[in-house]
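Residue numbers (this note's numbering): 3 to 571.
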């Protein structure tokens with residue numbers, strides 16, 4: 003039986019499989035058909051690989067900071083995933099956490115507060131330096147101290163606050179210990195179901211302290227090490243070999259890389275797209291082999307139209323990404339207040355009055371730019387997704403909606419002069435126009451946009467309705483429920499409150515990852531019973547791939563790895 007490394011042997015399985023479009027699976031199937039014997043690489047020995055294993059991909063702008071502790075842009079994070087590794091990684095399609103630098107998933111203590119990782123042997127940085135557990139203690143503490151965009155992934159580690167307070171001194175987190183060169187012990191202040199998922203972030207990647215740290219600057223704050231070919235050192239399968247400012251960046255495989263799968267591509271050429279955000283014209287002329295990686299997954303309507311009108315229409319796949327948009331209710335003022343039967347009927351009426359099929363056509367442009375949300379608040383491809391059509395609030399029933407409205411507001415006074423708040427974005431503008439039309443047509447209720455429309459209303463929202471959006475930073479729904487629907491949530495301008503939902507969210511924090519999903523699922527079901535929100539749509543991404551390129555994929559969070567790509571003859 004062929005075996006391709008620990009990543010294939012030990013994975014943390016999700017309870018809900020990801021539904022992947024056939025067009026996305028096609029290159030993966032093609033890549034599997036290339037397997038010959040049990041070599042180290044999926045393409046090794048395959049007879050139909052092209053001699054020239056180089057690809058050109060567009061990026062929307064020149065690369066910013068590739069320091070994994072500071073990288074926050076979608077492009078930089080996507081590129082870093084091929085240059086750096088952490089103790090674990092996340093499968094971009096299946097959503098499973100799998101060992102990376104670690105030889106297996108961690109041993110977790112009975113109280114859920116201590117994680118013990120055993121590292122693989124033979125780990126090296128791209129410059130040849132050996133990686134040890136101590137390098138991870140340094141790297142994680144450095145990320146916490148620098149307070150980059152994702153530093154909070156370590157907020158549950160003991161000593162995090164002290165490390166943050168120490169700042170430039172580079173104080174190591176007291177909850178991290180390298181008990182030997184191959185063993186990392188992590189202590190948390192309290193058990194957290196999402197901790198392992200957080201570690202799949204590039205912010206948890208290992209960096210080489212011999213390259214980064216200098217005398218007087220242990221964090222490497224003043225260094226430009228992560229943006230120069232000579233010093234951009236990681237543990238990943240690729241490294242930077244050339245950079246032309248404002249034009250392109252080239253990457254090549256690391257010689258004798260320690261991991262699996264071994265890279266097949268000899269060159270990954272990232273070209274700053276002169277026609278961004280519409281790179282399809284160049285794709286159709288053969289300038290690009292793939293469009294959709296490194297922050298280029300959102301194509302304009304013009305680009306999508308051009309693609310559909312060409313012979314390359316079959317090269318396109320659209321998949322759900324890690325964000326969801328919904329309409330919230332004000333629970334402190336206005337007609338939707340509180341748990342009363344009348345208010346709940348009114349909330350449900352406004353949700354049932356929306357035709358999600360039309361939403362997919364009008365707002366999402368025939369499901370090309372987003373996908374109508376019918377499976378709950380958690381987007382497809384994320385752990386905790388409830389399944390297509392499972393959200394009772396996503397049903398369209400204009401007759402029932404009008405009946406509920408009549409019961410809750412018989413004379414129409416409660417819903418007269420309704421206003422809605424939302425951030426000033428094109429997407430929200432399109433959604434508002436659609437909602438306004440649906441509510442007027444199906445309920446006979448007119449809703450206007452509130453003048454001033456602040457992006458983030460301080461305190462309780464001033465209007466009875468508002469549009470909200472959540473984008474996940476890691477593969478766990480905790481921040482969605484705790485932030486937006488806990489009574490003490492930091493992003494709860496509607497002041498939604500349900501003690502059952504609060505209890506479920508609190509309990510989930512102390513549960514195992516798999517058990518917490520059941521708690522979040524119950525919280526989602528309670529929200530549906532409460533009619534606590536109006537589902538709108540999930541974000542989506544577009545991937546366009548030439549037929550000669552195998553192994554490309556796009557998941558809810560991540561691009562497929564460059565090491566999976568192969569150019570066919």
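No residue lacks a Cβ here, since even glycine has one placed at the ideal position from N, Cα and C. Computed from a prediction, not measured in an experiment: that's the story for all the values here.
By the DSSP assignment, the alpha helix (DSSP H) with residue i in it spans what residues?
i, result
"residue 481", "480-486"
"residue 307", "303-310"
"residue 509", "501-511"
"residue 428", "428-445"
"residue 216", "Element bounds for residue 216: n/a, residue is neither H nor E."
"residue 197", "197-200"
"residue 408", "400-410"
"residue 474", "Segment: none, residue 474 is in no alpha helix (DSSP H) and carries neither H nor E."
"residue 159", "Neither: residue 159 is in no alpha helix (DSSP H) and is coded neither H nor E."
"residue 283", "282-286"
Rounding to the nearest angstrom, what Cα-Cα distance links residue i and residue j in this structure?
i, j, result
"residue 304", "residue 540", "21 Å"
"residue 322", "residue 381", "7 Å"
"residue 508", "residue 346", "24 Å"
"residue 442", "residue 336", "19 Å"
"residue 40", "residue 116", "Reliability fails at residue 40, whose pLDDT of 33 lies under 50, so the model's placement of it is uncertain and the value that follows must be treated cautiously. In a straight line, the C-alpha of residue 40 is about 37 Å away from that of residue 116."
"residue 414", "residue 408", "8 Å"
"residue 312", "residue 101", "42 Å"
"residue 221", "residue 171", "8 Å"
"residue 483", "residue 328", "13 Å"
"residue 427", "residue 470", "12 Å"
"residue 451", "residue 419", "10 Å"
"residue 379", "residue 498", "15 Å"
"residue 266", "residue 245", "21 Å"
"residue 467", "residue 234", "48 Å"
"residue 34", "residue 553", "In this prediction, residue 34 scores a pLDDT of 35, lower than 50, which makes its location untrustworthy; the coordinate-derived value is nonetheless stated afterwards. Computed Cα separation, rounded: 9 Å."
"residue 58", "residue 285", "10 Å"
"residue 496", "residue 231", "49 Å"
"residue 295", "residue 402", "44 Å"
"residue 393", "residue 349", "15 Å"
"residue 108", "residue 121", "10 Å"
"residue 140", "residue 183", "13 Å"
"residue 398", "residue 358", "7 Å"
"residue 489", "residue 500", "7 Å"
Let me check understanding here. Comparing Cα to Cα, which of the options lies closest to residue i?
i, options, result
"residue 113", "190, 169, 204", "190"
"residue 297", "225, 61, 86", "61"
"residue 566", "255, 499, 350", "255"
"residue 307", "517, 544, 123", "544"
"residue 145", "127, 215, 76, 411", "215"
"residue 366", "401, 320, 394, 129", "320"
"residue 196", "511, 134, 357", "511"
"residue 463", "55, 334, 261", "334"
"residue 204", "238, 437, 173, 218", "238"
"residue 542", "557, 356, 424, 147", "557"
"residue 318", "292, 324, 437", "292"
"residue 53", "563, 550, 440, 434", "550"
So if DSSP puts residue i in a beta bridge, which residue, or which two residues, is it bridged to?
i, result
"residue 575", "Only positions 3 to 571 of the chain appear in the structure, and residue 575 is not among them; the question remains open."
"residue 543", "321"
"residue 468", "330, 423"
"residue 85", "Beta-bridge pairing links residue 85 to no other residue."
"residue 252", "244, 271"
"residue 109", "118"
"residue 535", "330"
"residue 561", "556"
"residue 293", "546"
"residue 126", "132"
"residue 90", "101"
"residue 568", "552"
"residue 51", "570"
By the DSSP assignment, the beta strand (DSSP E) with residue i in it spans what residues?
i, result
"residue 189", "185-189"
"residue 358", "It is not in any beta strand (DSSP E) - residue 358 instead sits in the alpha helix (DSSP H) that spans 358-364."
"residue 232", "Element bounds for residue 232: n/a, residue is neither H nor E."
"residue 181", "178-182"
"residue 450", "449-451"
"residue 373", "372-374"
"residue 147", "Here residue 147 belongs to no beta strand (DSSP E); instead the alpha helix (DSSP H) covers 135-148."
"residue 207", "First-last for residue 207: undefined, no H or E at that position."
"residue 353", "Not the beta strand (DSSP E): residue 353 falls in the alpha helix (DSSP H), residues 343-354."
"residue 99", "99-101"
Thinking residue i and residue j are a contact (beta carbons under 8 Å), I'd like their distance in whole angstroms, please.
i, j, result
"residue 51", "residue 547", "Rounded, the Cβ-Cβ distance is 16 Å, inconsistent with contact."
"residue 211", "residue 137", "6 Å"
"residue 68", "residue 87", "About 14 Å; that fails the 8 Å criterion."
"residue 374", "residue 361", "5 Å"
"residue 206", "residue 155", "6 Å"
Does the ligand PLP have even one heavy atom less than 7 Å from the beta-carbon of residue i?
i, result
"residue 145", "Looking for the ligand PLP in the displayed structure turns up nothing, as the structure carries no ligands at all."
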